[in-house]
Amino acid sequence: MKEARFISLEGIEGSGKTTSLQTINKILDKQSIEHINTREPGGSSIGNELRELLLNKKTTISSEVELLLMLADRKDHVDKVIKPNLNKGTWVVTDRFMDSTMAYQGGGRGLEISKIELIAGALELPVPALTLLFDLPVNLAFQRIADRENLDRFESEPIDFHNKIREAYLRLAEKNKDRIVIIDSSKSLKEVSAQVKKAINQIL
Ligand code: Z5A
Numbered sequence: 252m253k254e255a256r257f258i259s260l261e262g263i264e265g266s267g268k269t270t271s272l273q274t275i276n277k278i279l280d281k282q283s284i285e286h287i288n289t290r291e292p293g294g295s296s297i298g299n300e301l302r303e304l305l306l307n308k309k310t311t312i313s314s315e316v317e318l319l320l321m322l323a324d325r326k327d328h329v330d331k332v333i334k335p336n337l338n339k340g341t342w343v344v345t346d347r348f349m350d351s352t353m354a355y356q357g358g359g360r361g362l363e364i365s366k367i368e369l370i371a372g373a374l375e376l377p378v379p380a381l382t383l384l385f386d387l388p389v390n391l392a393f394q395r396i397a398d399r400e401n402l403d404r405f406e407s408e409p410i411d412f413h414n415k416i417r418e419a420y421l422r423l424a425e426k427n428k429d430r431i432v433i434i435d436s437s438k439s440l441k442e443v444s445a446q447v448k449k450a451i452n453q454i455l
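Under our numbering, read the sequence shown as residues 252 to 455, first letter to last.
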């Protein structure tokens, strides 16, 4: 049995993570690799309740409380879903993980990165073997999701917030070249799928 791998998908809103999950699933299925798809926030049962709270536009919380709720969601997700699956040999592909917190609560909300690292450091979180960062200009991502109704608490933030998040992601990629692969998500679906295949094949 191949050692189970932990893969995370990251990027700004509408960057194409969910779309590329299908490509990844096909590659893993072809190799008969057992895997699960999960997401944050909301990957565990209490996580679903936290997700509702975090995405609800009526929720008014400070950036610090938002950070703590994201980390609470992550700890429960890791303990109940991610670690048990990796331990039994099942690969885990998660739509968002720790880099989202660094980019959104750090880059977007402006919380100090060292403080985020200090709190998260106490939680014994696994580090993904591979992170695919779906990168594209914010205006293109927003054009792609323009027909969405009822924007959530993050989607309703101004464009500048999302630009800061994109920049924070690119800084993370620069610092973690061993793990983060940038996917140029501004390209066609076919071209994006080819980039994803290349990255996944490298860890097979
Ligand atoms: N958040 C946080 O602040 N801190 C944290 O620690 C964590 C999360 C874990 C969760 O939102 C929010 O929580 C998120 C950050 C915050 N909010 N924001 N902003 P979510 O899970 O509801 O939303 P999301 O993760 O951003 O998903 P999304 O908006 O659905 O985006 P996506 O999955 O990356 O994109 P997609 O649905 O695959 O694609 C979007 C559209 O583009 C779709 O119509 C596709 O058909 C189309 N598409 C995709 N690729 C292409 C290409 N290549 N060409 C043309 N069209 C394309």
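Just so you know, even glycine gets a beta-carbon here, dropped at the ideal spot from N, CA and C.
Just the Cα atoms here: how many angstroms apart are residue i and residue j?
i      : j      : result
Leu319 : Leu362 : 12 angstroms
Ala255 : Phe385 : 23 angstroms
Lys281 : Pro379 : 22 angstroms
Met349 : Ile287 : 18 angstroms
Asn276 : Met353 : 26 angstroms
Thr467 : Gly359 : Residue 467 is absent from the structure shown; the chain starts at 252 and stops at 455.
Asn414 : Glu261 : 15 angstroms
Leu376 : Lys326 : 7 angstroms
Ser296 : Glu368 : 25 angstroms
Ser314 : Lys308 : 14 angstroms
Quick check on the burial criterion: 16 or more other C-beta atoms within 10 angstroms. Buried or exposed for residue i?
i      : result
Lys449 : exposed
Glu317 : buried
Ser271 : buried
Thr345 : buried
Ser407 : exposed
Any heavy atom of the ligand Z5A closer than 7 angstroms to the CB of residue i?
i      : result
Thr270 : yes
Val443 : yes
Gln273 : no
Leu319 : no
Tyr420 : no
Ile396 : yes
Glu400 : no
Lys438 : yes
Leu306 : yes
Please tell me whether residue i and residue j are closer than 8 angstroms, where the distance is taken between their beta carbons.
i      : j      : result
Ile284 : Ile451 : no
Phe257 : Val343 : yes
Ser436 : Leu381 : no
Arg417 : Val443 : no
Gly265 : Phe393 : yes
Gly357 : Ala419 : yes
Asp211 : Leu301 : This structure does not reach residue 211, given that the chain is present from 252 up to 455, and the question cannot be answered.
Is it true that the region 401 to 408 meets the region 421 to 428, where meeting means three or more beta-carbon pairs spaced less than 8 angstroms apart? no
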